[in-house]
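Chemist: I am attaching a structure below and will ask some questions about it afterwards.
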Amino acid sequence: MNKSFRQMLLVSGIVVSTLGMPLSANAALPFFGNDKKDDMPSLAPMLEEATPAVVSIAVEGTQTAKQQVPEMFRYFFGGPQEQVQERPFRGLGSGVIIDADKGYVVTNNHVVENADEITVKLTDGREFKAKKLGADEQSDIALLKIDPDNLKALPVADSDAMRVGDYVVAIGNPFGLSQTVTSGIISAMGRSGLNIGGYEDFIQTDAAINRGNSGGALVNLRGELVGINTAIFGPNGGNVGIGFAIPSNMMKNLVKQIAEFGEVRRGLLGIMGSDVDSSLAKAMDTSVNKGAFVSEVQPDTAAEKAGIKAGDIITGINGNKLHSFLELRAKIASMGPGTEVTLSLLRKGEKMDIDVVLDDATTTEVTAAQIHPALEGATLANSKDEAGNAVVEVTELANGSPAARIGLQSKDLIVGVNRSRVTSVAEFRNALEEANGTIALNIERGNSTLYLLIRSIE
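Here the sequence shown stands for residues -27 to -1, 1 to 431, where the numbers follow mature numbering (1 follows the signal peptide of the UniProt record, and there is no 0).
Here it is, written out as structure tokens:
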């Protein structure tokens, strides 16, 4: 990366920079609306539908900072080599409503990280406290939930169908200003290697986005969500027409897992490799200059079971071209275990497609406190009882925890909430959110069936 540029996460700042893209009034723009007064092409009809789904997010919290104590002061006064201080902070960002019925709002993890209080403000002026359902630092995605009526959600487009040169519009709240709209085109697809996050597969755009746009929407001219604005390159934090958005397909895969498990459970292919470049293409005697080169297939993995071999060049996934090994890594990591993907390969000059069922890259489980405060101290996982019925199992339980105090035990199987059957962690979460007053958990413990009560504190 050019040293005159530095990576900026789009947190609200103080320097204002603008960038526009002039559009010819005579250009053929099939998805633009027409102003009734002068019959001029306009984005206004589309934006009137899309902008209510983009929200402003304000956060408050505390950050822990460590400060080294000079040696002379340690000598005179004793004490540790460093002091830990908690400092309050406030921040601003943006978010996108993706499910009006459930009140789901997507934003960036760095917008809400360490926040003790999250406030979502709609374009109509209403404000609501938000609950964080889960987040993923490596892909910089977080899922919030609010509970108002009459929400407007953005439809989600297939980001893999977007092409370089397609028109896009960025919607967000830069620098703490009210909602702002800018336009541009897609400059590149599959950007990676930027050291912005652990998994990178960005859409690059020249639509003007600035600090405070984090978590905002990148939409096509139909008003469909194609990306979540995340980062920029620019001197002094200003916009120079190089912005990056998480593709909507990647976001959708991650949010689905957060909603179900409270976290991201990554798929695993089981290969080692590198990007394909001109020198590697020459060494392998191939004309392919882009893709993912497989240098090693790990034993007893999804890749080995599917028949992938060292020396293969992966050129596509699910019918879409691959630009790099890092792009493949990011796409696989955003898909859950058990997902079936089709990889396009080049093996010794022969093209082929191979179907692969992804392994589970993590063995972590759901922390129950993410679902209900009374369940703090319990760890839950999808499981099955002796008859093969799907249930929710308490895999771990901390002694003296709130979950233990209501009567839960390790290895308990949760089969229902009140009179509703639950067969997964996702169903359990939804049932608790919909329940009012005292909640009865239907438990199977060994050969016994019992009910445990979570009493309302209202």
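For every residue, glycine included, the Cβ atom is placed at its ideal position computed from N, Cα and C.
Quick caveat: nothing in here was measured; it's all calculated off a predicted structure.
(1) Specify the secondary structure class of T178 as computed by DSSP and reduced to three states.
(2) Measure the C-alpha to C-alpha separation of G419 and G284 and round it to an integer number of angstroms.
(3) Relative to the alpha-carbon of I427, which residue among E417, G410, L386 and I416 has its alpha-carbon at the smallest distance?
(4) I need the straight-line Cα distance from A306 to D174, nearest angstrom please.
(5) Whole angstroms are fine: how far does the CA of A108 sit from the CA of V364?
(6) Does the segment 186 to 200 come close enough to the segment 63 to 72 that 3 or more CB-CB pairs lie under 8 Å?
(7) Check the DSSP bridge columns for F62 and list the partner residues they point to.
(8) Buried or exposed: where does A130 fall if 16 or more other Cβ atoms within 10 Å of its Cβ makes it buried?
(9) Three-state secondary structure (DSSP) at A(-3)?
(10) For I119, which three-state DSSP category applies?
(11) Go ahead and label F62 buried or exposed: buried means 16 or more other beta carbons lie within 10 angstroms of its beta carbon, across all protein chains shown.
(12) Expressed to the nearest angstrom, what Euclidean distance is found between the alpha-carbon atoms of T155 and A143?
(13) Inspect the beta-carbon positions of L241 and A334 and report whether they are closer than 8 Å.
(14) Name the DSSP bridge partner or partners of I215?
(15) What does the Cβ neighbour count give for V137, buried or exposed, with the cut at 16 atoms within 10 Å?
(16) Helix, strand or coil: which one does DSSP assign to T259?
(17) Rounded to whole angstroms, what's the CA-CA distance from S383 to T274? Just pull it up for me.
(18) On a Cα-Cα basis, can you pick out the residue from I379, R99 and G309 that is closest to R238?
(19) Contact check, I119 vs G163 under 8 Å by CB: the rounded distance?
(20) Report the residue from I219, G157 and V93 whose alpha carbon sits nearest the alpha carbon of L167.
(21) Do G264 and T288 have their C-beta atoms closer together than 8 Å?
(22) Would you tell me roughly how many angstroms separate the C-alpha atoms of D248 and F148, rounded to the nearest one?
(23) Please classify S297 as buried or exposed, where buried requires at least 16 neighbouring CB atoms within 10 angstroms.
(24) To which residues does DSSP link Y77 through a beta bridge?
(25) Please report the straight-line C-alpha distance between N403 and R378, rounded to a whole angstrom.
(26) Which residues in the same chain as R99 place their Cβ atom closer than 8 Å to its Cβ, once the five residues preceding and following it in sequence are excluded?
(27) Closest by CA to G157, which one among G171, Q177, L150 and T312?
(28) Just to check my reading of the structure: V79 and M224 have Cβ atoms closer than 8 Å, yes? What is that Cβ distance to the nearest angstrom?
(29) Let me check understanding here. Comparing Cα to Cα, which of E59, S151, I286 and I344 lies closest to residue 432?
(30) Does the separation of the CB atoms of I387 and I416 fall below 8 Å?
(31) Does DSSP put V85 in a helix, in a strand, or in coil?
(32) Mind checking which residues open and close the alpha helix (DSSP H) that includes E300?
(33) Residues bridged to V424 by DSSP?
(34) Would you say V261 and I290 are within 8 Å of each other, going by their C-beta atoms?
(35) Any idea which residues DSSP pairs N293 with across the strands?
(36) Let me know the secondary structure DSSP gives L253 once reduced to three states.
Modeler: Working from what's here:
(1) DSSP, read as helix, strand or coil, puts T178 in strand.
(2) Going by the C-alpha atoms only, they are around 51 Å apart.
(3) Between I427 and the set E417, G410, L386 and I416, the nearest pair of CA atoms involves G410.
(4) Near 11 Å, if we compare the C-alpha coordinates of D174 and A306.
(5) Going by C-alpha positions, V364 is about 25 Å away from A108.
(6) When Cβ pairs closer than 8 Å are counted between the two stretches, the segment 63 to 72 is seen to touch the segment 186 to 200, the count reaching three or more.
(7) The partner list for F62 (beta bridge, DSSP) reads G34.
(8) A residue is called buried once 16 or more other Cβ atoms fall within 10 Å of its Cβ, and A130 is buried on that count.
(9) Any reading at A(-3) needs caution, since the residue's pLDDT is 32, under 50, leaving its predicted position unreliable; the model's value is listed next. A(-3) falls in the coil class under three-state DSSP.
(10) Collapsing the DSSP output to three states places I119 in coil.
(11) By the 16-neighbour rule on beta-carbons within 10 angstroms, F62 is exposed.
(12) Approximately 5 Å between the Cα atoms of the pair.
(13) Yes; because the gap between Cβ atoms is below 8 Å, this pair is in contact.
(14) Under DSSP, I215 takes part in no beta bridge, so it has no partner.
(15) So V137 ends up on the exposed side.
(16) Three-state result, T259: coil.
(17) The C-alpha of S383 lies about 31 Å from the C-alpha of T274.
(18) Selection I379, R99 and G309 evaluated against R238 yields G309 as nearest (Cα-Cα).
(19) With 8 Å as the limit, I119 and G163 do not qualify as a contact, their Cβ atoms being about 33 Å apart.
(20) Out of I219, G157 and V93, I219 has the C-alpha closest to the C-alpha of L167.
(21) Yes. Within cutoff.
(22) Linking D248 to F148 through their CA atoms gives a straight-line distance of about 37 Å.
(23) It counts as buried.
(24) Per DSSP, D72 and K118.
(25) For N403 and R378, the distance between alpha carbons rounds to 23 Å.
(26) So the qualifying residues of the chain are P121.
(27) For the residues G171, Q177, L150 and T312, the minimum Cα distance to G157 belongs to Q177.
(28) Rounded to whole angstroms, the Cβ separation of V79 and M224 is 6 Å, and the two are in contact under 8 Å.
(29) Outside the modelled stretch of the chain, which goes from -27 to 431, sits residue 432, for which no answer is possible.
(30) Yes; because the gap between Cβ atoms is below 8 Å, this pair is in contact.
(31) It is helical.
(32) E300 -> alpha helix (DSSP H) spans F298 to A306.
(33) Here residue 424 is Tyr; the residue named in the question, Val, does not match the sequence. According to DSSP, Y424 shares a beta bridge with N415.
(34) Not in contact: V261 and I290 (Cβ atoms no closer than 8 Å).
(35) Its beta-bridge partners are I290.
(36) Here L253 sits in helix by DSSP.
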